[in-house]
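In what follows, a single structure is set out as structure tokens and then discussed.
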Amino acid sequence: MELHDVWFVLIAVLWTGYFFLEGFDFGVGILTKLLARNRPERRVLINTIGPVWDGNEVWLLTAGGATFAAFPDWYATLFSGFYLPLLVILVCLIVRGVAFEYRAKRPEENWQRNWETAIFWTSLIPAFLWGVAFGNIVWGVKIDRHFEYVGSVWDLLNPYALLGGLVTLTLFTFHGAVFTALKTVGDIRVRARKLALRVGLVTAVVALGFLLWTQAHSGDGKSLVALVVAVAALAAALVANQFGREGWAFALSGVTIVAAVAMLFLSLFPNVMPSTLNGDWSLTVTNASSSPYTLKIMTWLAAIATPLVLLYQGWTYWVFRKRIGTQHIAPDAAAGAAH
Amino acid sequence: MDLALAPETLARWQFGITTVYHFLFVPLTISLAALTAGLQTAWVRTEKEKYLRATKFWGKLFLINIAMGVVTGIVQEFQFGMNWSDYSRFVGDIFGAPLAFEALIAFFFESTFIGLWIFGWDKLPKKIHLACIWMVSIGTILSAYFILAANSWMQHPVGYKINKAKGRAELTDFWAVLTQNTALSQAFHTLSAAFLTGGAFMVGIAAYHLARKKHIREMKTSLRLGLVTVVIAGLLTAISGDTLGKVMFKQQPMKMAAAEALWDGQKPAPFSIFAYGDVERGHNTVAIEIPGLLSFLADDDFTSYVPGINDVNKAEQQKFGPGDYRPNIPVAFWGFRWMIGFGMSSFALGLAGLWLTRKKFMLPQHLRVGEDEVPHLVLFKNKALSPKLTPWYWRIATWTLAFPLIANSWGWIFTEMGRQPWVVYGVLQTRHAVSPGVSQGEVLTSMIVLTSLYAILAVVEVKLLAKYVKAGPPELTEADLNPPTKIGGDTRDADKPMAFSY
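Here is the structure:
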């Protein structure tokens, strides 16, 4: 396996980590409107992801930075080509981060409700747009001989990509509902489980459709295995959820995400961004990658840093392993006066 | 196409606006993380409540800042690809590596431990919780270092070769990129300026409260900590600025000549305090100068030769072909002066404050009425003058809180605009760096969207800061004073309300 192949795998791993982790915190953000009935409940939801969402988001920054360093041409084509959708995602991520941090910094109900609305939309929109972006990456876009994207923003909103957007949106919401059931106690936990079933069934339908379409378009034997794993894990997650085995349900919804992302990257390889205009103009792991020297340094970095990151991020989840419920929200805090 | 709205111009404006805005939060984040960590260390060691209250107060202001620093940082990473894709293609092999290092080593560190710090007050034993804020502080400094190494490569490219077949620059020596003197002196200068910023912020806010005779105990501590920080950091900023300047004279003579509005080379060269010139004809019409000082700044020798703008322009035309290699000279000249002027005024104020609040003058026994007496700054132990001058010191200190922020901004504007027309000095020109496939409308849209969003958030941020500044240090609760002794919190209060969270 050559270094550029290693880096293709590592970037797939970074995106997988991002979707696994920020997937559930996007989901929880969406549930603030779908599940929570009042302010203490919304605050419980936000607190389940409070200590970790920031660390989760760094997976995106790392995926971006690693793509820049390992596949500069991929980074350049992707980011300049998907300009407006990325701008929307950027705006969402800015507002979302600020919303989490500023929401409880004033006690007024209006202030908090506005930030909660912001959290809902800024979780929902990127959850959808990342699917659209990946749909386009896998399917291929109009790339010319200079590796420039020459399509318009409307070309990006094709049926396949939009279906991909629905998959990430529903899958992340499901993942978030299962996470909420795992992390809470009381009434909210019971309702999260019920909601997880409904969202999970919808997810199963759209995900199956999208993955089969992908398989038919650009799949091979390996991607078929990943597809089967993804679908089986989703079904198993639904079963575990029904039996109240929340830890299993969350692990399995995680496996669904891992397998689905793996399937996308497997059907992409050895391309990183196919051209729909001419196959010779596609960006591949060889023509888009950095020099062997840069890749070697980056490999050393990844080999040393990644285990450490996993270790201390894992530790965070362990420190905050307790379930929380409305009784853990102090009355004054529910009104907003976090000190 | 109208040049004023050309994608290159818009992309440059967007980069300038988003970078200067991002950099309002970065220095405060870097310094407040360390200062908060210092205060929390004092609490853990002495168990004095004033330190815990001060920790929570400055910690809150730090969190309000870092939230903005983090989210505006995402824009920085994205816009290289969005607006500057040809730059990314050309230098990704080199420039991407420090960015990836920053993400993997520094960002993960910072963001994970900040979550632990915010939510860990009632989940972690004292010392482990303290370690978390130190981890955040280390993360912020590492992050700054990698970014400054990347920027230094743009100022002075090293450790690379040009691959003609691929049409790009390729890395040959990563260690050289991380440790070249430009990176070291730039990091030294930027980090000390960051601490000058945080120190002045602390002094300004402490002065505000002291003027109102509120929260005396915490604010006296903060004032002293802030003043010491300002003085040490100010000194280091000046020293590192001189070092960086000497490096720049060698590596980017054009930038320094522009900073001095020195049109023609001179031996010895004077330092110009004020200059008004004619850019088209290439000379100054008015100038106030100190003879020989510029030679000294450039070379540690009052008599050495310093090349001027016209000389360097000619040399670069011979080397790189016809063209105008001069940056915007008024911006470079005034940016350089404003950076030094605003930075050094804060330093002077800190020096004055530290001298005026020496232990024997701070709160003389005979002037002290109660425990919470406002400290008068007794000038020369002059009882008549002191009560008049003290309020003025508090006022000036509050007003000058933002001076280092202004200095930082001009410092970056000078550094980045002084390098023009190059994006990578001597290697790649800015006009060849923009995204060819991105339309004027797209860049304009994103500039309008981001600028308006930033403007709204600035208002929200400042209001929130003002609210928490005015509120002062929080009252402590039982839970604050008795942190858990084991990780994950104590089992006996499993149903205890969460003390410190969103």
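Going down the list, the protein sequences come from chains A and B. In this text, residue positions in the first sequence follow this note's numbering: the first is 2, and each later residue adds one. In this text, residue positions in the second sequence follow this note's numbering: the first is -5, and each later residue adds one. Here a beta-carbon is modelled for each residue, glycine too, at the ideal position from N, C-alpha and C.
Glu164, Leu165, Thr166, Phe168: these are the residues of the segment 157 to 178 of chain B whose beta carbon lies less than 7 Å from some beta carbon of chain A, given in chain order.
Residues Ile323 of the same chain have their beta carbon placed closer than 7 Å to that of Val273 (chain B), with the five preceding and five following residues left out of the count.
Closest by C-alpha distance to Tyr419 (chain B), out of B:Gln246, B:Ala269, B:Gly344, is B:Gln246. Scanning the segment 377 to 422 of chain B for uninterrupted beta strand (DSSP E) segments of 3 residues or longer gives 416 to 418, listed from N- to C-terminal end. At a cut-off of 7 Å between C-beta atoms, Gly482 (chain B) counts as an interface residue with respect to chain A.
Bridge pairing for Gln260 (chain B): B:Val300 [DSSP]. For Ser266 (chain B), the three-state secondary structure derived from DSSP is strand.
When the alpha-carbon of Ala28 (chain B) is set against those of B:Ser429, B:Lys240, B:Ala188, B:Leu475, the nearest one is in B:Ala188.
Under the 10 Å beta carbon count, Tyr84 (chain A) is surrounded by 16 or more other beta carbons and is classified as buried.
Counting C-beta pairs closer than 8 Å gives fewer than three between the segment 391 to 404 of chain B and the segment 45 to 64 of chain A, which falls short of the contact rule. Near chain A, meaning a CB-to-CB distance below 9 Å, the residues of the segment 428 to 441 of chain B are Ser429, Pro430, Gly431, Val432, Ser433, Glu436, Val437, Thr439, Ser440. Sorting B:Asp236, B:Gln312, B:His203 by C-alpha distance to the C-alpha of Met338 (chain B) places B:Asp236 at the top. Between Phe121 (chain A) and chain B, the shortest Cβ-Cβ separation is not below 7 Å. The beta carbon of Ala200 (chain B) is closer than 7 Å to those of Met213, Ser216, Leu217, Gly220 in its chain, skipping five residues each way along the sequence. Around Thr106 (chain B), the beta-carbon contacts reaching into chain A at under 7 Å are Gly56, Tyr313, Gln314, Thr317. Shown here, Met274 (chain A) sits in a strand according to DSSP, grouped into three states. The beta carbon of Trp388 (chain B) sits closer than 8 Å to those of Ala201, Tyr202, Leu204, Ala205, all from its chain and outside the five residues before and after it, given in chain order.
Under the three-pair Cβ rule at 8 Å, the segment 8 to 25 of chain A counts as touching the segment 167 to 185 of chain A.
Distance from Thr33 (chain A) to Leu46 (chain A) at the Cβ level is roughly 5 Å; contact confirmed, criterion being Cβ atoms closer than 8 Å. Not one beta carbon of chain A lies nearer than 7 Å to the beta carbon of Val152 (chain B). Distance between Gly192 (chain B) and Ala128 (chain A), taken at the CA atoms: about 37 Å. One thing to note: Gly286 (chain B) has its Cβ no nearer than 7 Å to the Cβ of Trp257 (chain B). With three or more CB-CB distances shorter than 8 Å, the segment 145 to 158 of chain A counts as touching the segment 73 to 87 of chain A.
When DSSP states are grouped into helix, strand and coil, Thr479 (chain B) belongs to the coil group. According to the DSSP assignment, Thr185 (chain A) belongs to no beta strand (DSSP E), since it is labelled neither H nor E. 7 Å or more divides the Cβ of Phe72 (chain B) from the Cβ of Ser82 (chain B). Put simply, the CB of Gly86 (chain B) is near chain A, with a gap under 7 Å to one of its CB atoms. Closer than 7 Å to the CB of Phe72 (chain B) there is at least one CB belonging to chain A.
Listed along the chain, the chain B residues whose CB falls inside 7 Å of the CB of Arg322 (chain A) are Gly482. Under the 7 Å criterion on CB atoms, Leu110 (chain B) is classed as interfacial with respect to chain A. In the three-state reduction of the DSSP assignment, Leu284 (chain A) falls in the strand class, which pools E and B.
Every unbroken stretch of the alpha helix (DSSP H) spanning 4 or more residues and falling wholly within the segment 50 to 93 of chain A is given here in chain order: 54 to 71, 73 to 82. Two segments are said to touch when three or more pairs of C-beta atoms, one from each, lie closer than 8 Å; by this definition the segment 225 to 242 of chain B touches the segment 338 to 350 of chain B. Contact between Gln149 (chain B) and Arg413 (chain B) holds: their C-beta atoms lie close to 6 Å from each other, under 8 Å. Shortest Cα-Cα distance from Lys207 (chain B) to any of B:Ala309, B:Pro385, B:Phe408 involves B:Pro385. Around Gly165 (chain A), the same chain offers Gly132, Val133, Phe135, Gly136, Phe211 as residues with beta carbons nearer than 7 Å, after the five sequence neighbours per side are excluded.
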